[in-house]
Amino acid sequence: MSKKVLVIDDEADVRKFITAVLEKEGYQTVTAGDGAEALEKASTERPDLIILDLQMPEKTGTDFHRKLSRDKNLGQIPIIVVSGVAGRHLAVKKPAAVFDKPIDPAKFLAAVEKALS
Amino acid sequence: MTEPVQSYPRWMGVMPCYLSVQDRQLRIIEANNLFVRDFGEHVGNFCYQVYKDNQAPCPDCPVLQTFQDGQVHSGEEKVTTREGKVIEVVVTSTPLLDENGRVSSVIEMSTNISEVKSLRRKLSQTRRDYKRLFESVPCYICVLDRDLVIQEANTLYKEHFDSSRGTHCYDVCKGRKNRCDDCLVEKTFADGQSHSSEERLTTRNGHTLNLVVHSMPVRDEERNITAVMEVFTDITEVKRLQHQLTMMGRAVAGMAHRIKNILMGLEGGIFVVNTGMESDDREAMDEGWEMVERNVKRVSRLVKDLLYCSKERKPSFEDDVCPREIVRQVHELYTERAAEAGIDLRLDLDQQDLRGTFDPDGLYNLLVNLVGNAIDACRFDPDEKKRSHTIQLRCRRQADGAVAFEVEDNGAGIPDDVAAKVFEDFFSTKGTEGTGIGLLVVQKVAEEHGGKVTFDTKPGIGTRFTVTIPPRQV
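Top line first, the protein sequences correspond to chains A and B. Using our numbering, the first residue of the first sequence is number 925, and each one after it goes up by one. Using our numbering, the first residue of the second sequence is number 371, and each one after it goes up by one.
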């Protein structure tokens, strides 16, 4: 079965870009537009990987990450940070990879594959 | 000529002043060493010839007066030495009496006061210079005694602070009834050192100023502190610029983030179009192309707003501009879009003519931003119980002559944490929609008109933005 990736970003176009890249490679995707929705999707969908933007309204990416990492099951899901904010590498403790916007699809897919292996 | 009487003791010859004995015709009978040194041997000559090369006695001659009334007289004179140097002297004439008690001759004693005079002139010049400095420096200066009563203040201080409020510095500067904690002046009285701090004071016109205050001791000859001088430098403008720079820094950071998202949207669009072309998926191609178009629009709007906020665009004021007409244009622009979102955009204009000097393009953009925000506040209102949304667009003249523009909505309202920084953080809570600098445009245009922007908001109830523009001073 193909791996499931949760894409979290407040911008619809960014979500669309990332899901298009992932789906083209045969990944299954779910999306969330803010931290609250992301927490809900993470627990119901149980993704294998999370792509996270750190600056979002409602609950920010860092806040979402703090709550996620406290959860025994969800805390183990690898995270790839995609963000335009400086200092993005500091907010998530051990991200599988960090990408500045805009992403290079080939490099991004390589990181996804590595994170899921 | 008769042998002169032994008129004064020989020791007087070495006195450090000019001494001469004169007869009734003001002829010099005898003179001391200093006189001879500076004016020459002149026994038998008239004193006015010797001193001034005049042909007649000076008016108010003290020697003549002494001959007349037998009293001591004095006066100030300017005399010329034999080297041609003009010196200032104090002249004192003292009578010498014969055995019948009549004035037989007069001793004239002249003391050189040129140096004293010159020092006095320099002193008063220095005083004038200091006074001028005190009055003309672009700072507020006051001198305070130990009770913090103002002893002296410069013109600027008197102009800007209301001395009718009281006699103490804290009355006048702060409208307080008692001294401030951490008073600089008291510290200076206590330790004799200069102290400084930053203060916010309100002038008599109600302007709040940011000032750096320095206190320094004023000492007498014995080095005792008799008063303390306070010098206030206005740093309001510096503070404002500092604040703007901080904001600008944040804005640039926020902008970079926003631009990266737009780029991401553009590249995403291209990716989706390409993927659609590879698999001949028309729907994907359309979707990708929409992403490209949307993000191109976003970047062009961002650049437009940015240009508005930069120095690039100078306001162009025109006379006889009708603000009601501009409000009408903005109303027309948005009516349809508002209606599509189920919003009633209402127009409420003052009946009287509001024509004046305005920057019409600036005002138009200001209103476009405010109305755009109000529409978004209604569109994104999470309250589903509200039956309808209304935006009131008003323009009227206030009692003070200022023109007020109001945009009032019954949308989502602004939460407290956001309200505190709508002007500061020029950030956007609108995701894809906002450039994050719309209110900055509003504020910039208002300031260019000498006006200001205020708002009232209640989360869940709505928001009213008011832009007040005072009549333009020519």
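For glycine and all other residues, C-beta sits at the position ideal for the given N, C-alpha and C.
For B:Thr645, the C-beta contacts it makes with chain A under 7 Å involve Ala944 and Lys948, in order along the chain.
The Cβ-Cβ distance between B:Pro730 and B:Ile696 falls below 7 Å. The Cβ atoms of B:Gly383 and B:Arg452 do not sit closer than 7 Å to each other.
Pairing B:Leu404 with B:Ser463, the inter-Cα distance amounts to about 17 Å. The region 772 to 779 of chain B makes contact with the region 823 to 836 of chain B, as at least three CB pairs between them are under 8 Å.
Counting the other CB atoms within 10 Å of its CB gives B:Ala790 a total below 16, which places it among the exposed residues. Taking all protein chains shown into account, A:Thr955 has 16 or more neighbouring C-beta atoms within 10 Å of its C-beta and is therefore buried.
Here B:Pro432 carries a helix assignment [DSSP, helix/strand/coil]. Contact of B:Glu754 with chain A by beta-carbon distance below 9 Å is absent, the smallest such distance being about 18 Å.
Here A:Leu973 is bridged, per DSSP, to A:Val929. If the five residues before and after B:Leu719 are omitted, its C-beta is found closer than 6 Å to the C-beta atoms of Arg694 and Cys765, all from its own chain and listed in chain order.
At a cut-off of 7 Å between C-beta atoms, A:Phe941 counts as an interface residue with respect to chain B.
Taking a beta-carbon distance threshold of 7 Å, A:Asp995 does not count as an interface residue toward chain B.
Residue-level contact by beta carbon holds for B:Leu633 and chain A, with a gap shorter than 7 Å. The way I'd put it, the region 656 to 666 of chain B does touch the region 632 to 646 of chain B; three or more beta-carbon pairs between them come closer than 8 Å.
In this structure the region 550 to 563 of chain B does not lie against the region 609 to 617 of chain B, because fewer than three pairs of beta carbons, one per stretch, are closer than 8 Å. Comparing C-alpha distances from A:Phe941 to each of B:Ala597, B:Arg497 and B:Glu657 shows the shortest one belongs to B:Glu657. Spatial neighbours of A:Ser993 in its own chain (CB-CB distance under 6 Å, excluding positions within 5 residues in sequence) are listed in chain order as Gly999.
Along the region 645 to 662 of chain B, going in chain order, the ones with a CB nearer than 7 Å to a CB of chain A are Thr645 and Met661.
Taking a C-beta distance under 7 Å as the contact criterion, A:Ile1004 and A:Ala1021 qualify as a contact pair. Here B:Ile398 is near B:Cys417, since their CB atoms are less than 7 Å apart. For B:Pro730, the secondary structure class from DSSP, reduced to helix, strand or coil, is helix. At least 7 Å separates the CB of A:Asp987 from every CB of chain B.
Cβ-Cβ distances below 7 Å link A:Ala1039 to Leu973, Pro1002, Ile1004, Ala1020 and Ala1021 in the same chain, with the five nearest sequence neighbours on each side left out; the list follows chain order. At a cut-off of 7 Å, the C-beta of A:Val1036 has no neighbouring C-beta in chain B.
For a Cβ distance threshold of 7 Å, nothing in chain B lies close to A:Val1022: the least Cβ distance comes to about 14 Å.
For B:Asp826 and B:Ile784, the gap between their C-alpha atoms comes out near 9 Å. When only Cα atoms are considered, B:Leu434 and B:Glu505 end up about 48 Å apart. Neighbourhood of B:Arg664 in chain A, by CB distance below 8 Å: Asp937, in chain order.
Taking 7 Å as the CB threshold, A:Pro1019 stays off the interface with chain B. Note that the C-beta distance between B:Ser494 and B:Ile457 is not below 7 Å. Chain-ordered, the chain A residues with CB closer than 8 Å to the CB of B:Lys630 read Gly1008, Asp1024, Lys1025 and Pro1026. Excluding residues up to 5 positions away in sequence, Tyr734, Leu737, Val738, Val741 and Leu763 lie with their Cβ nearer than 8 Å to the Cβ of B:Val700 in the same chain.
By the beta-carbon neighbour count (other beta carbons within 10 angstroms, threshold 16), B:Asp590 is exposed. Within the region 493 to 546 of chain B, the runs of alpha helix (DSSP H) at least 4 residues long that lie entirely inside it are, in chain order, 525 to 530 and 539 to 544.
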